[in-house]
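Below is one structure; the comments refer to it alone.
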Amino acid sequence: MTHQIAILGASGYTGAELVRLIATHPSLQNAALSADRKAGLEMAEVFPHLRHLDLPTLVKIDEIDFAGIDLCFCALPHKTSQEVISKLPRDLRIIDLSADFRLRDPAAYKTWYGNDHSAVELQKEAVYGLTEFYRDDIRTARLVAGTGCNAATGQYALRPLIEAGVIDLDQIIIDLKAGVSGAGRSLKENLLHAELSEGSNAYAIGGTHRHLGEFDQEFSKIAGRDVHVQFTPHLVPMNRGILATVYVRGDASEIHATLAEAYSGEPFVVVLPMGQAPSTHETRGSNFVHIGVAQDRIAGRAIIFASLDNLTKGSSGQALQNANLMLNLEESEGLMLAPLFP
Numbered sequence: 001m002t003h004q005i006a007i008l009g010a011s012g013y014t015g016a017e018l019v020r021l022i023a024t025h026p027s028l029q030n031a032a033l034s035a036d037r038k039a040g041l042e043m044a045e046v047f048p049h050l051r052h053l054d055l056p057t058l059v060k061i062d063e064i065d066f067a068g069i070d071l072c073f074c075a076l077p078h079k080t081s082q083e084v085i086s087k088l089p090r091d092l093r094i095i096d097l098s099a100d101f102r103l104r105d106p107a108a109y110k111t112w113y114g115n116d117h118s119a120v121e122l123q124k125e126a127v128y129g130l131t132e133f134y135r136d137d138i139r140t141a142r143l144v145a146g147t148g149c150n151a152a153t154g155q156y157a158l159r160p161l162i163e164a165g166v167i168d169l170d171q172i173i174i175d176l177k178a179g180v181s182g183a184g185r186s187l188k189e190n191l192l193h194a195e196l197s198e199g200s201n202a203y204a205i206g207g208t209h210r211h212l213g214e215f216d217q218e219f220s221k222i223a224g225r226d227v228h229v230q231f232t233p234h235l236v237p238m239n240r241g242i243l244a245t246v247y248v249r250g251d252a253s254e255i256h257a258t259l260a261e262a263y264s265g266e267p268f269v270v271v272l273p274m275g276q277a278p279s280t281h282e283t284r285g286s287n288f289v290h291i292g293v294a295q296d297r298i299a300g301r302a303i304i305f306a307s308l309d310n311l312t313k314g315s316s317g318q319a320l321q322n323a324n325l326m327l328n329l330e331e332s333e334g335l336m337l338a339p340l341f342p
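And the structure:
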């Protein structure tokens, strides 16, 4: 059986990544693609790297007939997404890649995103889309909220450790490097080549990054108490990829053993041998996340590394992994592509 898929916001980076992944998926078909300013164009005009594919023309959302759609990916900006999803058919299964349904508390959403949530009932319905930890809920969900790419990276490194109680919850520092595609496709002065290349900079300094809302929500839920991490992201001149370096108090050998056991049956999470650190080169263009652990020179402290591709495992690949669960397909179907190297 071939499932018919709609992608809203197909002219953005995550939308194009979904098109790319679905193109070789044996059980899914790109049946409808929407765009706003680029409606009426062919995908080949917007993304020439997809010109070899037979794809539907980009249209406005209200031109799509959802009666024949089995699942819809919504790759729209936050705030826009909640407004659009509120108007979609109530029996349509949806995976939202924006931030609009990630936070369960409407007050937390307003704190981190600056506006009231206009679809609170849908927000209550949404399942958090970090596949490895919510797969049973995702299978039966109607609405799944994809995670933030930075939030996913930090959680892969830390969730099993918080649950097992092997680290000090008040001494967690996440230093993260992210590629420029995480900022989206819209024109921004600081993302121009002359502004970005040959340098790197920290941003959202002092605990202002929106993905901290997800860290607060998820880590506190696991621990049964408030957990507030220190988190500083850095923009680096690469197109895609995330590398998180996480500093914790705990026994490095116990931390490594805990992560290895937690992820032993996971098809996309690879825990490296003790003392090895991953590179963004090793996960680029794939749905894999690589995790490493090293002993710090200071006794009782350890360093954890996590690397993934922000557009794939951090967003569109994660979304497709969730779609497989929702459509009762093999979870890894269409996603076992090898990373791109060099």
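So the sequence shown is numbered by full-length UniProt numbering: it starts at 1 and just counts up by one. The C-beta atom is built at its ideal place from N, Cα and C for all residues, glycine as well.
Query, Result
"Keeping to the same chain, check which residues put their C-beta closer than 8 Å to that of Val19; ignore five residues upstream and five downstream.", "Ile7, Ala10, Asn30, Leu33, Met43, Phe47, Leu50, Leu53, Leu55"
"Mind checking Gln171: buried by the 16 CB within 10 Å criterion, or exposed?", "exposed"
"Taking 8 Å as the threshold (C-beta atoms), are Ala75 and Gly15 in contact?", "yes"
"Please classify Ala145: is it buried, with 16 or more other beta-carbons within 10 angstroms of its beta-carbon, or exposed?", "buried"
"Who are the Cβ neighbours of Ile69 in its own chain at under 6 Å, not counting the five residues just before and after it?", "Gln4, Ala6"
"Can you name the residues that DSSP bridges to Gln295?", "Ala302"
"How should Met326 be labelled, buried or exposed, when 16 other C-beta atoms within 10 angstroms of its C-beta is the threshold for buried?", "buried"
"Closer than 8 Å by C-beta to Val127: which residues in its own chain qualify, once you throw out the five before and the five after it? Chain order, please.", "Tyr134, Asp137, Ile138, Ala141, Leu143, Val144, Ala145"
"Please work out which residues of its chain come closer than 8 Å, Cβ to Cβ, to Ser286, disregarding the five sequence neighbours upstream and downstream, and give them in chain order.", "Asp309, Thr312, Lys313, Gly317, Leu337, Ala338, Pro339, Leu340"
"What residue does the alpha helix (DSSP H) around Asn324 start on, and which one ends it?", "317 to 326"
"Would you check if the distance between the CB atom of Ala252 and the CB atom of Ala302 is smaller than 8 Å?", "yes"
"With DSSP as the reference, identify every bridge partner of Ser98, one or two as the case may be.", "BP columns for Ser98 are empty, so no partner."
"Rounded to the nearest angstrom, how far is the Cβ of Phe268 from that of Phe288, given a contact under 8 Å?", "5 Å"
"Where are the alpha helix (DSSP H) runs, 4 residues long or more, that stay fully inside the UniProt domain \"Semialdehyde dehydrogenase NAD-binding\" (4 to 141), in chain order?", "13 to 23, 43 to 46, 80 to 85, 106 to 113, 120 to 125, 131 to 140"
"Where does the unbroken beta strand (DSSP E) through Gln230 begin, and where does it stop?", "230 to 235"
"When the Cα of Ser279 is compared with those of Gly179, Glu195, Lys87, Gly114, which residue comes out closest?", "Gly179"
"Give me, in chain order, the residues of the same chain whose beta-carbon lies closer than 8 Å to that of Pro106; leave out the 5 immediate sequence neighbours on both sides.", "Asp116, His117, Val120, Gln123"
"Under the rule that 16 or more other beta-carbon atoms within 10 Å means buried, what is Ser332, buried or exposed?", "exposed"
"Closest to Ile162 by C-alpha separation, out of Ser315, Val59, Arg225, would be which residue?", "Arg225"
"Find out if the Cβ-Cβ distance for the pair Val227, His256 is shorter than 8 Å.", "no"
"Would you say Asp168 and Val248 are within 8 Å of each other, going by their C-beta atoms?", "yes"
"How long is the line joining the alpha carbons of Phe219 and Arg185, rounded to whole angstroms?", "30 Å"
"Under the rule that 16 or more other beta-carbon atoms within 10 Å means buried, what is Asp65, buried or exposed?", "exposed"
"From the DSSP output, read off the bridge partner residues of Arg249.", "Arg301"
"Identify every residue that forms a DSSP beta bridge with Ser307.", "Leu243, His290"
"Answer with buried or exposed for Asp62, where buried requires no fewer than 16 other C-beta atoms within 10 angstroms of its C-beta.", "exposed"
"Since Lys177 sits in a beta bridge, which residues does DSSP pair it with?", "His234, Leu243"
"Tell me which same chain residues have a C-beta within less than 7 Å of the C-beta of Asp215, skipping the five on either side of it?", "It is worth fixing the name first, because residue 215 is Phe in this sequence and not Asp. Excluding residues within five positions, the ones whose Cβ falls inside 7 Å are Ala151, Gly154, Val229, Phe231."
"Taking Val271 as the reference, which of Ser307, Gly241, Pro233 has the closest Cα?", "Ser307"
"Please confirm whether Thr283 and Pro160 have their CB atoms less than 8 Å apart.", "no"
"Pop quiz: Asp174 and Ala277 are said to be a contact at Cβ under 8 Å. What is the actual Cβ separation, rounded to whole angstroms?", "Here residue 174 is Ile; the residue named in the question, Asp, does not match the sequence. Contact flag wrong, Cβ pair sits at about 15 Å."
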